[in-house]
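>
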Amino acid sequence: MMRMNWLLGRRRDVGRSGGADTTGALAVLSGKRWLPALVGAFVVWILTAVIAGHGLLGTLQEGLLVAGLLVVVGIGELFVITAGNGNIDLSIPYVMTLTAYLTSSVMNGRNSALPVSILIALAVGCAVGLVNACVIMVFQVPPLIATLAVGFIVDTVVLLRQQTGGVGSASPILVKFMSARVIGLPIFGVAILAVGVAAHFVLQRSAFGRAVQAVGQSREAARLVQLRPRLVTLEAYVVCGLCASLDGLLLNGYAGGPSLDMASTYQLGAIAVVVLGGSLIGGGKSNVAGVWAASLFLTFLVTLVAVTSAAAGVQDIVEGGVIVGVLALVASH
Amino acid sequence: MNQKVEQSDAMGIWHDIPHGSVVLACEGISKSFGVTRAVSGASIQVNVGELVGVVGHNGAGKSTLLRVVGGLVRPDDGALIVGPQALGQGGYRPKQARALGVRSVHQELSLCSNLTIAEAAILASRDAGRGFRWRRGAAFQLSVIFHEIFPDASFSPRSVIASLSIADRQMIEIATAVLCSPNEQLTCLVLDEPTSSLDADSTSALYRWLRKAARERTFGVLVSTHRLDEVMRELDRVYVMTNGKIVGEKWMNNCTQEELVALMRRLTAEDEVGDAVQPATEQIARDGVAAAGREGQRRSGRIRFSDFDGEGLRGVTLEVNSGEIVGLGGLEGQGQRSIVKAVSRASRWWLFHRRARASLVIEGKVACISGDRLNEGVFKYWDLNWNISVSVMREVARLGLVRPRLERRLSERWLQMLAIKGRTRTPILALSGGTQQKVLVARALATDADVLVLNDPTRGVDEATKQEIHNILRREAERGVGILWYSTENAELEKCDRIYIMRDQKVFTSLAGGESKGRDIEREIIHASFGSKSLPIDGKT
Chain A
1 MMRMNWLLGR RRDVGRSGGA DTTGALAVLS GKRWLPALVG AFVVWILTAV
51 IAGHGLLGTL QEGLLVAGLL VVVGIGELFV ITAGNGNIDL SIPYVMTLTA
101 YLTSSVMNGR NSALPVSILI ALAVGCAVGL VNACVIMVFQ VPPLIATLAV
151 GFIVDTVVLL RQQTGGVGSA SPILVKFMSA RVIGLPIFGV AILAVGVAAH
201 FVLQRSAFGR AVQAVGQSRE AARLVQLRPR LVTLEAYVVC GLCASLDGLL
251 LNGYAGGPSL DMASTYQLGA IAVVVLGGSL IGGGKSNVAG VWAASLFLTF
301 LVTLVAVTSA AAGVQDIVEG GVIVGVLALV ASH
Chain B
1001 MNQKVEQSDA MGIWHDIPHG SVVLACEGIS KSFGVTRAVS GASIQVNVGE
1051 LVGVVGHNGA GKSTLLRVVG GLVRPDDGAL IVGPQALGQG GYRPKQARAL
1101 GVRSVHQELS LCSNLTIAEA AILASRDAGR GFRWRRGAAF QLSVIFHEIF
1151 PDASFSPRSV IASLSIADRQ MIEIATAVLC SPNEQLTCLV LDEPTSSLDA
1201 DSTSALYRWL RKAARERTFG VLVSTHRLDE VMRELDRVYV MTNGKIVGEK
1251 WMNNCTQEEL VALMRRLTAE DEVGDAVQPA TEQIARDGVA AAGREGQRRS
1301 GRIRFSDFDG EGLRGVTLEV NSGEIVGLGG LEGQGQRSIV KAVSRASRWW
1351 LFHRRARASL VIEGKVACIS GDRLNEGVFK YWDLNWNISV SVMREVARLG
1401 LVRPRLERRL SERWLQMLAI KGRTRTPILA LSGGTQQKVL VARALATDAD
1451 VLVLNDPTRG VDEATKQEIH NILRREAERG VGILWYSTEN AELEKCDRIY
1501 IMRDQKVFTS LAGGESKGRD IEREIIHASF GSKSLPIDGK T
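In structure tokens:
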């Protein structure tokens, strides 16, 4: 992977000379911070296909599906992280699990209850986002702790719910949506691609997206151009909550039914795809394409490490090492 | 270097040394921060037992010079001599300064606010307390020196610094600075605005002690202050600074306050650059207005404070009418920024606006420009295009989505109008500070605001760009825009139609502006902001 350096190493000169006098496709690509993740995803995809023996297409089909689930929460986290000032949302997996339990028992295998459960998911996401933002802003709790605390409260609700009510199951349409394929491509994966494009437009082209970036770069400057940093941050948390709860619904459809630790890997996953994708953890600069590339990369990497029959410890070391390597590449420009 | 030495020779600084031996001398000290030359070629000396002052208006370079002497800032050029030791080029570090017996009391109070007084004392002098009961030792040592300086004041060593009043903090700060162990010898005590928050009694107590201790313990005192009556009464000799240069040295036994004020008057930089720049920018201004086709569009905006009390202000009453440029002057930190903040906040929050309706009325759309570019101005990851259009998202967006071509056309038009060197895709940080500031001006003007609120907008901006910004502002005022302008530069306030001089979170007085009739507005501003009663504002000429 280090061989890509020659390709990526020119970024600084380009920036200094105004960005206009780039030469050729390589130079254009060298400005893309999502490139390391994408190249990584590509390499790991081929390796996985070769080692696991499912073929390139088969690996991609499954990868798109799983990565799509990660992309949704990654985009939510992206909004919050882009708002800067240490904002981060650690309540994502708990919100996902809660939504999965609630909607699953409402649907209980019936298609007719799907619209209601979507509404429930939206309500849960909206509520948790609001609570997160309020705890952070009203009680001045650092986001890292505030969202984790809110997450634990949500988690307790899940436990109580699981002890008292029936589990239920996802509606057949939802399950079908998660598994259906058209000309070999999973519908869900393609739909999430569209979601990614939409998120890109919201962040880069909408007034709200620009406001989130502006607040992430400088609260004071944002204030002076008549933006309201606190309101913008609150909206970002609500967006993140909505992404998490909708993803919980989808994950429920993918898994067929809820379980307590179904979303635990999304805690770090959501943050990792944001950072691996080249968005700044300090906020102000976001990259939706990077979230997609990083989600594919992480998904393939986990698959690859799982299919090799290496010891569990070795698997973790390889996984961590590769992530650090890609992050170093991203940071180098 | 040669030039600087000649300059000081001409002023006789290095000749006719009055008496005593030199404890500290600087020669040709220069220091720049970015494009701003804070101190250039300053030479001073302090003798044993002598109380030497540095006076000058805001931004004259006093603090920077004192920080160089105290070892906090390393000069770009120039030599320092402390006692017998010549330190050569490049100054020294705080630790070295301390070892040589140079102690500083800073303008921004520097004690750690979470510590108790005793703990702060031990930080200042490690030898003050030893062993298990070091707090008690430090408290005792500090109280000895404290009562020596301020016999009528008292303190409790266990109180936390943050809980002290600003005056108490200042006294503790002075006492900790002079806290010495027996084997340490003070050579020079550097005090930056030590009396700005002290009352009259503590101030005279401080000077009484300085006078006595400087003779007995053989050290020199270098002090900067804004209070001229204090200078006249307490000091032996002052250096007058203007625009980073030392423009004069006066012995207080044969000098009047009038003479000092006359010396402090800034040699306005336009005298050097302005005339050459003027025609070009006028041209640009005319073309710009024509290009935008905005000549016909009149604006009308007003701000009115009547007995306003928010933001720490105390009963402020002021008014900005349509087509007027109103300046906020006076010494720094007298409430000018609070006024700017109040307007910006009131314009954003209708709730606040309603609550303050009686005392703060704003008519029209408000746009703000801050001189603190890095923190309150640029969006550092964005190009010029986005940096300009962020203030007018609503105008360039349709159905919530920005129309890129509309956005770019708008930005291009503003880049052209203000003759900004750079293209829409240039990252903003690739530009110089002055050009960045012009982009911020463009951003504010793009909103087509009725009221412009300026927070020292030309801070660290070069002369030519400053001129351009002044012209742009005048042009906007002619269209009927009301402009409230806080500036730390008096030369700039001359461009205003009216100037409010702030003191102590209040409007102290107001001056009519206008450059005509050979008035010396700068002198009037300095008079008003130092505001000593013995020196009434005559405005005779």
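So the protein lines, in turn, are chains A and B. For the first sequence, the working numbering begins at 1 and goes up steadily by one. For the second sequence, the working numbering begins at 1001 and goes up steadily by one. Idealized CB from N, CA, C, for every residue including glycine.
1. Check the Cβ of K285 of chain A against every Cβ in chain B and list those closer than 8 Å, keeping chain order.
2. For A49 of chain A, verify whether its CB is less than 8 Å away from any heavy atom of the ligand FAD.
3. Would you report the Cα separation of A149 of chain A and R1130 of chain B, rounded to the nearest angstrom?
4. For the beta strand (DSSP E) containing D1192 of chain B, list its first residue and its last residue.
5. Is P229 of chain A buried or exposed, if buried means 16 or more other CB atoms sit within 10 Å of its CB?
6. So what does DSSP say about F1033 of chain B, is it helix, strand or coil?
7. Taking only the alpha-carbon atoms, compute the straight-line gap between L1149 of chain B and L1206 of chain B and give it to the nearest angstrom.
8. Looking at the structure shown, is C1255 of chain B part of a helix, part of a strand, or coil, going by DSSP?
9. Would S218 of chain A count as contacting chain B if we go by Cβ distances under 9 Å?
10. Would you report the Cα separation of G1364 of chain B and G1301 of chain B, rounded to the nearest angstrom?
11. Hey, out of A:R205, A:A289, A:I317 and A:T265, whose CA is closest to V66 of chain A's CA?
12. Just to confirm, is the Cβ distance from G241 of chain A to G86 of chain A under 9 Å?
13. Which chain D residues are close to V1390 of chain B, counting only those with a beta carbon under 7 Å from its beta carbon?
14. Using a Cβ-Cβ distance under 9 Å, would D1401 of chain B count as near chain A?
15. Below 8 Å, can you find three or more Cβ-Cβ pairs linking the segment 1168-1182 of chain B to the segment 1094-1110 of chain B?
16. How about the segment 72-85 of chain A and the segment 314-331 of chain A: do they share at least three Cβ pairs that are nearer than 8 Å?
17. Of all the options B:L1024, B:R1498 and B:D1077, which has the alpha carbon lying nearest to the alpha carbon of A1477 of chain B?
18. Quick check on A1443 of chain B - is its C-beta less than 9 Å from some C-beta in chain A?
19. Look at the Cβ atom of Q315 of chain A, then the Cβ atom of A328 of chain A, and state whether they are nearer than 9 Å.
20. For a contact defined as C-beta to C-beta under 7 Å, what are the partners of R228 of chain A on chain B?
21. Taking 9 Å as the CB-CB limit, is E1376 of chain B close to chain A?
22. Output needed for T1447 of chain B: all residues of its chain with C-beta closer than 8 Å, excluding positions within five of it in sequence on either side, in chain order.
23. Could you tell me whether the Cβ of A1342 of chain B comes closer than 9 Å to any Cβ of chain A?
24. Is E1272 of chain B buried or exposed, if buried means 16 or more other CB atoms sit within 10 Å of its CB?
25. Go ahead and label N1114 of chain B buried or exposed: buried means 16 or more other beta carbons lie within 10 angstroms of its beta carbon, across all protein chains shown.
26. Following the continuous alpha helix (DSSP H) through I1362 of chain B, name the residue where it begins and the one where it ends.
27. For the segment 94-158 of chain A, which segments carrying the beta strand (DSSP E) assignment without a break, of at least 3 residues, lie completely within its bounds, in sequence order?
28. Give me, in chain order, the residues of the same chain whose beta-carbon lies closer than 8 Å to that of G55 of chain A; leave out the 5 immediate sequence neighbours on both sides.
29. Interface residues of chain B around F201 of chain A at Cβ under 9 Å?
30. Can you tell which of A:G313, A:L276 and A:T233 has the C-alpha that lies nearest to the C-alpha of N132 of chain A?
31. Residues in its own chain within less than 6 Å of G1542 of chain B by CB, not counting five upstream and five downstream?
32. With a Cβ-Cβ cutoff of 9 Å, do V154 of chain A and Y237 of chain A count as a contact?
33. Tell me where the alpha helix (DSSP H) around R1135 of chain B begins and ends.
34. When the Cα of A198 of chain A is compared with those of A:V288, A:V302 and A:L144, which residue comes out closest?
35. Determine the burial state of I1525 of chain B: buried for a count of at least 16 other Cβ atoms within 10 Å of its Cβ, exposed for fewer.
36. Might you give, ordered along the chain, the residues of its own chain that have their beta carbon closer than 8 Å to the beta carbon of V71 of chain A, omitting 5 neighbours on each side?
The answer reads as follows:
1. Y1381
2. The model depicted lacks the ligand FAD and carries no ligand whatsoever.
3. 44 Å
4. C1188 to D1192
5. buried
6. strand
7. Checking the displayed sequence, the identity of residue 1149 of chain B turns out to be Ile instead of Leu. If I take the Cα positions, the gap works out to 6 Å.
8. coil
9. yes
10. 5 Å
11. A:T265
12. no
13. In the structure shown, chain D does not exist; the protein chains are A and B.
14. Rather than Asp, the amino acid found at residue 1401 of chain B in this sequence is Leu. It does; some Cβ of chain A falls within 9 Å.
15. yes
16. In short, these stretches do not touch, since the Cβ pair count stays below three.
17. The shortest Cα separation from A1477 of chain B among B:L1024, B:R1498 and B:D1077 belongs to B:R1498.
18. In the sequence on display, residue 1443 of chain B carries Arg and not Ala. Yes, because at least one Cβ of chain A sits closer than 9 Å to the Cβ of R1443 of chain B.
19. no
20. R1348
21. yes
22. Same-chain partners within the cutoff: K1365, A1367, S1391 and V1392.
23. no
24. Below a pLDDT of 50, predicted positions are generally treated as unreliable, and E1272 of chain B, at 40, falls in that range; no measurement from the model is reported.
25. exposed
26. I1362 of chain B -> not in any alpha helix (DSSP H); beta strand (DSSP E) instead, spanning L1360 to E1363.
27. none
28. Here the set comprises A49.
29. L1401
30. A:T233
31. Any question about residue 1542 of chain B goes unanswered here, given that chain B covers just 1001 to 1541.
32. Not closer than 9 Å, so no.
33. From DSSP, the alpha helix (DSSP H) with R1135 of chain B extends over W1134 to I1149.
34. Nearest option by C-alpha distance: A:V288.
35. buried
36. I192, V195, G196, V273, V291, W292 and S295
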